[in-house]
């Protein structure tokens, strides 16, 4: 995943008053997200097991396969990075000394869908 992320272009995204550069790579086995405000860089890499665990915590009423969660996350993030976020999807960003959390609120199969990307400072070799 990390090598695939290198070939992805950076995209400018806004969350509230803050502008970031971001790129993401989704696969059936997980995802990796890289996001920067040009002074700091954060990332999160999650495999299918981590996605499954977090999806159970955040979406107790949804019981779908992990690949469906990953496909749905991809269908929410890719339009955002292309400058065309979905009208029914809300993104918010919260910075802390330990990292950055990107919260996503949408729908999946008619039910509320929530996701939190838990990003920590990126190692130098990723930047």
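Residue numbers (UniProt numbering): 1 to 127. Glycine included, each C-beta is placed from N, C-alpha and C at the ideal position. The structure displayed is predicted, hence computed values, not measured ones.
What is the DSSP secondary structure of residue i, counted as helix, strand or coil?
i, result
"residue 17", "coil"
"residue 128", "The structure shown has nothing for residue 128, since the chain only spans 1 to 127."
"residue 86", "coil"
"residue 52", "helix"
"residue 38", "coil"
"residue 64", "coil"
"residue 109", "coil"
What number of angstroms, rounded off, separates the C-alpha of residue i from the C-alpha of residue j?
i, j, result
"residue 18", "residue 102", "12 Å"
"residue 90", "residue 29", "25 Å"
"residue 6", "residue 16", "27 Å"
"residue 66", "residue 39", "34 Å"
"residue 37", "residue 21", "6 Å"
"residue 99", "residue 126", "16 Å"
Mind checking who residue i pairs with in its DSSP beta bridge?
i, result
"residue 101", "94, 118"
On a CA-only basis, which of the options is nearest residue i? Give me that one, please.
i, options, result
"residue 85", "49, 13, 4", "13"
"residue 26", "120, 62, 81", "81"
"residue 54", "125, 127, 118", "118"
"residue 88", "124, 123, 11, 112", "112"
"residue 78", "59, 116, 63, 23", "23"
"residue 51", "110, 63, 42", "63"
Below 8 Å, can you find three or more Cβ-Cβ pairs linking the stretch 104-114 to the stretch 61-75? The stretch 104-114 vs the stretch 61-75: in contact.
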